[in-house]
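K.L.:
Protein chains in written order, with this note's numbering: chain A, 1 to 187; chain B, 188 to 967.
Just dropping this structure here.
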Amino acid sequence: MARYGMALNYKSCINCRACESACKEENGVLLLKDHYRIWVGVKEAEGEFPNISIASQTYHPSQCQHCSNAPCQMVCPTNATYYGTDGMVMVDPVKCILCTYCINACPYDARYVDQRTMTVDKCTFCSDTRLAAGETTTACQATCPTKVRVFGDLDDPKSEISQLLANKEYRQVKEHLGTKPKLFYIV
Amino acid sequence: MKVEISRRRFLQGSVAMSIAGGVGLSSSSMMASVAAPAKGKLSNEDKKVATLCEMCVNKCAAIAHVRNGVVQKLDPNPLFPKSRNMLCARGNSGIRALYDPDRLKYPLIRDGEKGSGKFKRVSWDEAYAYINEKLTKILDEEKDNRSTVAFCAGEGMAEHTFKNFFTMFGSSHFLNHASLCLATTVSGYSLTIGGYGQSDLDNAKYVIMAGANRAEAIVTPDTMDFFKRTNGRGAKLITVDPRFTNTAAKSDKWLAINVGTDLAFVLALTYVAIKEERYNKAFVENYFNGFEAYKEHILSSGYTPEWAEKLTGIHAADIYEVARDFMAHAPQAIYYQGRRTTWSKNDFQLRRAQAIFSAMGGGVDVKGGICFGRGLPLIDHDVAAPIYANAKSRIEKDEAAVVGGSGSWVAFRNMVLENRSPYPIRALFNYKHNPMQNMPNSAKTEAFLKKLDLVVTIDTMPSDTVMLSDVILPECTYLERTDPVVSYGGIEPSIAQRNKAIDPMFETKNTMDIMLGLSQKVSKSLFEISKKHDEDVQMAIEEDGEEAVYKDFDLTKPFLHSQEELNAHAVEKYEGAAQMLKDKGVFYPNMNEYFKKVGVNDYEYYPENKRAYSVLNNKFKTPSGKIECAIPSLAKRGIDAMPMWKKEYEMEIPAGKFRFITGRHAQFTQSGTNNNKLLLNLVPQNYAWINARVAKKLGIKFGDKLEVSSKAGKTTIKAYPTEKIGPDTLFFVHGFGSYSKALSLAYNNGGNDAAILEDGIEPMHGSTCLHDTIVEIRKV
């Protein structure tokens, strides 16, 4: 059993959105408005032309944080949201009754309603598509021009992600909520 | 191929088969093609095919996953040094281009007024016969002046196959994107430092990107190499742009420059470096030609930062700082060449000035500078092309100082339209080019296309230009064809090949098959026209007999071998290459030894000591073998021998109006992807960038519809008020707002820049000036 997480060299992100398109094609996400498992959070530049603060415009690739202490899992009345193998937070569409508690509970806004199945959907770290087929990368990671994402096993001290987190400074999003997220932003 | 002496006069050159090959028309492949991507229609198969992307010009290596004859997913192929194991948003959307319901599926002939959008479905043979009849009539009436038929092409691996038909046909007119895109920077750098080169952004320590926007207009491997190293991680980036782009957001300094004044900025940088003697003196002394005169010219002209500040809007202090920092980091310092450099009238001089300034730091042919790299030559397999005595020279050859083999599109179009052509231009063959959207003033382009007697367009999608054609020949997409093998020279050279993932759908064909069918149909009847009007041909027939002479004029020659056969032949000298290219899509010598996985995402292609950073031994490929400060031969043609600023470069922007600029973002490629469902899901349309404070004054809010108008025409587009652009500039992304109703998603979606751009040209190559249009706006 592994414990999968993802480190993001977000400073390398150029907001080209290759990751979003790869995710959609890999995981069959419908091409509808507000249907996305991953996204690039853009903070618009501050200042008045021509004095724009360069540092103010940032690109933050994001997705489900696969929290170890996931609020979405806690609120789900039917156990549709559950901890799958390798520590991933998963949704069982058969059990989902679309009460949307999880969507409200998720502090990261990582969930949406799939209009085809009328159930909640979100990032699975490509576990059912790529990992199941023997791949070791997620679609968003593999396609990225500047190689922002490093996916791997947090429990394996020799993995690249473990090495990276051991040697680089990083921060996490909304850590104070006690969600224990597994996305790490390298600063 | 041996050619007898008596017919030598007919040889005007040759066409290289290695880049001309293609699959012979085989009925079995036609029969096997699927009419729709129906799952499970073919036998169970699950395969991975090494292909090369064609969603833009970069040609990234990809793996197509094919199940039951359907392409399911595209993944990056890590083996290709140039694309560094990635696919961008467009690369990922290739399947949507393959299965776009709006694709051209069958040959069509116009069945109504031109532009009516009415076409009838015909067989390939009927289409060829129609072309043959029209073409024969035109050439008979024009007494075999082959140049009355023009050829134009968009960029792509099959462009060369199409061009072989053009060469065999014998017209003087070939037109492509060069004069709408990169002609000025390629020649500016080539004539100055001996080549356009490759910026080594993996090792450069200081880079000025002016106008170039590599975070959005992705170029491989520049984009991938560079943005891992910006933001305090090894490379300093200075972005010079009238807009705050994604590239600006990644830079150490953004200099908002007034549109069209970059040349003044570079001249002032040069001034500082010379005045303060900060340039690489040893390099300049040894490897520059004419530096003393250039130095004298820069100093005596008074190109001070204070002078430049008034023109560019960039503070003099910033210019001093950038010039000093650049030289302090040199030779690992680059003034980035840029690619789409059709901005203003001074563009050629701007690129020359950039190249000279960059070279003054010594950063040419060195690691971290502009490199020329090494090539991996392919074996050519040539056939002789005939020469036609009555074919006249280019009509627009005197419209600019140097009109090269790709022509000046705007000058050509306007001469035809304004009846300034010395002889009539009557037909146009078009390969996957969309002049309706890629050339300024679409009203003129429409009138031009309507004026021609015959327009034949090969394309995959019903573009605006397709809709104004007489005959439409549907090409298959890149995922449905094997293309000519290509060698990519550079710091880490390699050979790559696009392999067919699935058979062509519907009745589409690859360009090779199309050219074979067409040439088989027209070759003999066109030879009859030459026999009738060409005295050289008549004499040769008397001497050698008709059969022997026809052999030289047989247009089918470049299209008779299979592409696989030609590809294998082209790489014969590299052991195992042919099989490797078929299986893996990429080959370079010692690949098995050199190629290493060095991380979960990262690969090494060549060991450091095998990379071709320095190859010239300081003998540059210029006339003097040195960096050329002056080019006196151009002065005779009215082009300044040295870059200088002229009063005529200054452009007034009347109060209440805007200077319009256009450009790219990372989700679309010009007008070629504007009907792609996945990309439109990411970015539904383009928006007009207008300064937020100006917008507020005018009562314009986000999403308000604007009419943007100029002397050329008008278009409507939604507003995006932002502080990322100055108060007298207006911008929107190129390629949207198509007129073609057959593009169900792109039709009338967003603003069309071709409708409003004025069509001035610069004096060197007759390249168009896309940033010289004044526009006004009105809320509608």
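Cβ coordinates follow ideal geometry from the N, Cα and C atoms, glycine included.
Fair warning: this is a prediction, and the values are worked out from it, not measured in the lab.
#1: Counting only C-beta atoms, is K906/B closer than 8 angstroms to chain A at any point?
#2: Could you pull the start and end residues of the beta strand (DSSP E) that P908/B belongs to?
#3: Quick check on the DSSP output: the beta strand (DSSP E) that includes R846/B runs from which residue to which?
#4: W311/B lies in the beta strand (DSSP E); which residues open and close that run?
#5: If you draw a straight line from the alpha carbon of S488/B to that of N533/B, how long is it in whole angstroms?
#6: Name the chain B residues whose beta carbon is nearer than 7 angstroms to that of T143/A?
#7: Give a yes or no on whether the C-beta atoms belonging to N686/B and K769/B are separated by under 8 angstroms.
#8: Decide if R420/B is buried, meaning its Cβ has at least 16 other Cβ atoms within 10 Å, or exposed.
#9: Check each residue of the stretch 430-441 of chain B: if its Cβ is closer than 9 angstroms to any Cβ of chain A, include it; give the result in chain order.
#10: So which residues on chain B does E25/A lean against when the C-beta distance must stay under 8 angstroms?
#11: Indicate whether V920/B and G850/B have their beta-carbon atoms separated by less than 8 angstroms.
#12: What are the residues of the stretch 10-44 of chain A that lie near chain B, defined by any Cβ-Cβ distance shorter than 7 angstroms?
#13: In the structure shown, what three-state DSSP assignment does A276/B receive?
#14: Nearest by alpha-carbon distance to V394/B: which of M514/B, K892/B and G375/B is it?
#15: Can you tell me whether S545/B is helix, strand or coil according to DSSP?
#16: Can you tell which of A443/B, R333/B and F847/B has the C-alpha that lies nearest to the C-alpha of I964/B?
#17: Where L867/B and N873/B are concerned, what is the direct C-alpha to C-alpha distance, given to the nearest angstrom?
#18: Give the residues from the stretch 834-865 of chain B that approach chain A closer than 9 angstroms (Cβ to any Cβ), ordered along the chain.
#19: Would you call the CB atoms of L266/B and G763/B closer than 8 angstroms?
#20: How far does the alpha helix (DSSP H) with R283/B in it reach, from first residue to last?
#21: Does any C-beta atom of chain A lie closer than 8 angstroms to the C-beta of L239/B?
#22: Determine the extent of the alpha helix (DSSP H) in which I728/B is found, giving its start and end residues.
#23: May I ask which residues mark the beginning and end of the alpha helix (DSSP H) holding L411/B?
#24: Would you identify the three-state DSSP class for G5/A, choosing helix, strand or coil?
#25: By Cβ distance, which residues of its chain are closer than 8 angstroms to M90/A, with the 5 residues on each side in sequence left out?
#26: Which residue or residues does DSSP assign as beta-bridge partners of H252/B?
#27: With burial defined as no fewer than 16 other Cβ atoms inside 10 Å of the residue's Cβ, what is the status of T860/B: buried or exposed?
#28: Pop quiz: C16/A and P145/A are said to be a contact at Cβ under 8 angstroms. What is the actual Cβ separation, rounded to whole angstroms?
#29: Going residue by residue through the stretch 906-957 of chain B, where are the continuous beta strand (DSSP E) segments of at least 3 residues, counting only ones entirely within it?
#30: Which residue from G525/B, T426/B, T499/B and S358/B puts its Cα closest to that of S580/B?
#31: Taking E48/A as the query, report the chain B residues whose CB atoms sit under 7 angstroms from its CB, ordered along the chain.
#32: Could you confirm whether any beta carbon from chain A is found closer than 8 angstroms to the beta carbon of N577/B?
#33: Using 8 angstroms as the limit for Cβ to Cβ distance, is K269/B near chain A?
#34: Closest Cβ-Cβ distance between I405/B and chain A: below 8 angstroms?
#35: Comparing the C-beta of T664/B with each C-beta of chain A, is any distance below 8 angstroms?
#36: If I measure Cβ to Cβ from I14/A and keep anything under 8 angstroms in the same chain, skipping five residues before and after, which residues do I get?
P.N.:
Short version:
#1: Start at 1 with the first residue of the second sequence, and residue 906/B comes out as number 719. Per the sequence shown, residue 906/B should be read as Ala rather than Lys. By this cut-off, A906/B is not an interface position.
#2: Residue numbering aside, residue 908/B sits at position 721 when the second sequence is read from its first letter. Counting along the chain, P908/B sits inside the beta strand (DSSP E) bounded by residues K901 to T909.
#3: In the second sequence, residue 846/B corresponds to position 659, counting from 1. Residues F845 to G850.
#4: On the second sequence, position 124 is the one that residue 311/B refers to. Segment W311 to E328 is the alpha helix (DSSP H) holding W311/B; no beta strand (DSSP E) there.
#5: Position 301 of the second sequence, counted from the start, is the residue given in the question as residue 488/B. Position 346 of the second sequence, counted from the start, is the residue given in the question as residue 533/B. Approximately 17 angstroms between the Cα atoms of the pair.
#6: Residue mapping note: residue 143/A aligns to position 143 of the first sequence, counting from 1. Chain B residues near T143/A: P263, M273, L274 and N279.
#7: Residue numbering aside, residue 686/B sits at position 499 when the second sequence is read from its first letter. Residue numbering aside, residue 769/B sits at position 582 when the second sequence is read from its first letter. Yes, the Cβ-Cβ distance between N686/B and K769/B is below 8 angstroms.
#8: Numbered from its first residue, the second sequence carries residue 420/B at position 233. Taking all protein chains in view, the Cβ of R420/B is surrounded by fewer than 16 other Cβ atoms within 10 Å, so the residue is classified as exposed.
#9: Those residues of the stretch 430-441 of chain B that come within reach of chain A (Cβ to Cβ, closer than 9 angstroms) are F431, N433, T434, A435, A436, K437, S438, D439, K440 and W441.
#10: Your numbering for residue 25/A matches position 25 in the first sequence. Correct list: K260, L261, N279, S280, I282 and L865.
#11: The count along the second sequence starts at 1 and reaches residue 920/B at position 733. The count along the second sequence starts at 1 and reaches residue 850/B at position 663. Using a Cβ distance threshold of 8 angstroms, V920/B and G850/B count as a contacting pair.
#12: So the list reads K11, S12, I14, N15, C16, R17, A18, E20, S21, A22, K24, E25, E26 and L31, given in the order they occur along the chain.
#13: Residue mapping note: residue 276/B aligns to position 89 of the second sequence, counting from 1. Shown here, A276/B sits in a helix according to DSSP, grouped into three states.
#14: Start at 1 with the first residue of the second sequence, and residue 394/B comes out as number 207. Checked all of M514/B, K892/B and G375/B; the closest Cα to V394/B is M514/B.
#15: Residue numbering aside, residue 545/B sits at position 358 when the second sequence is read from its first letter. Under the three-state reduction of DSSP output, S545/B falls in the helix class.
#16: Mapped onto the second sequence, residue 964/B falls at position 777. Measuring from the Cα of I964/B, the nearest candidate turns out to be F847/B.
#17: Within the second sequence, numbered from 1, the residue matching residue 867/B stands at position 680. Within the second sequence, numbered from 1, the residue matching residue 873/B stands at position 686. The C-alpha of L867/B lies about 10 angstroms from the C-alpha of N873/B.
#18: The residues in question are H852, A853, Q854, K864 and L865.
#19: Locating residue 266/B in the second sequence gives position 79, where the first residue counts as 1. Locating residue 763/B in the second sequence gives position 576, where the first residue counts as 1. No; because the gap between Cβ atoms is not below 8 angstroms, this pair is not in contact.
#20: In the second sequence, counting from the first residue as 1, residue 283/B sits at position 96. That run of the alpha helix (DSSP H) goes G281 to L285.
#21: Here residue 239/B refers to the residue found at position 52 when the second sequence is read from its first residue. It does not; no Cβ of chain A falls within 8 angstroms.
#22: On the second sequence, position 541 is the one that residue 728/B refers to. E722 to D731 is the extent of the alpha helix (DSSP H) around I728/B.
#23: Along the second sequence, one-based indexing puts residue 411/B at 224. Looking at the sequence provided, one finds Met at residue 411/B rather than Leu. Following the DSSP letters along the chain, one finds M411/B inside the alpha helix (DSSP H) bounded by residues D409 to F413.
#24: Looking up residue 5/A in the first sequence gives position 5. G5/A falls in the strand class under three-state DSSP.
#25: In the first sequence, the residue the question calls residue 90/A occupies position 90. For M90/A, where only same-chain residues beyond five positions count, the Cβ hits under 8 angstroms are T81, Y82, Y83, G84, T124 and S127.
#26: On the second sequence, position 65 is the one that residue 252/B refers to. DSSP lists K235/B and K260/B as partners of H252/B.
#27: As a position in the second sequence, residue 860/B is number 673, starting the count at 1. The residue is buried, with at least 16 neighbouring Cβ atoms inside 10 Å.
#28: On the first sequence, residue 16/A is found 16 positions in, with the first residue counted as 1. On the first sequence, residue 145/A is found 145 positions in, with the first residue counted as 1. The C-beta distance from C16/A to P145/A rounds to 6 angstroms, short enough to fall under 8 angstroms.
#29: Complete beta strand (DSSP E) runs here, min 3: 916-920.
#30: In the second sequence, counting from the first residue as 1, residue 580/B sits at position 393. Ranking the options by Cα distance to S580/B, first place goes to S358/B.
#31: Position 48 of the first sequence holds residue 48/A. Near E48/A (Cβ distances below 7 angstroms), the residues of chain B are E910.
#32: Numbered from its first residue, the second sequence carries residue 577/B at position 390. In terms of beta-carbon proximity, N577/B stays away from the interface with chain A, with every pair separated by 8 angstroms or more.
#33: Counting from 1 along the second sequence, the entry for residue 269/B is found at position 82. Output row for K269/B: interface = no.
#34: Residue mapping note: residue 405/B aligns to position 218 of the second sequence, counting from 1. Against chain A, the CB of I405/B has a partner CB under 8 angstroms away; the residue lies at that interface.
#35: Sequence index remark: in the second sequence, residue 664/B carries index 477 (1-based). At a cut-off of 8 angstroms, the C-beta of T664/B has no neighbouring C-beta in chain A.
#36: The count along the first sequence starts at 1 and reaches residue 14/A at position 14. Excluding its 5 nearest sequence neighbours in each direction, I14/A has C-beta neighbours in its own chain below 8 angstroms: Y59, P145 and T146, listed in chain order.
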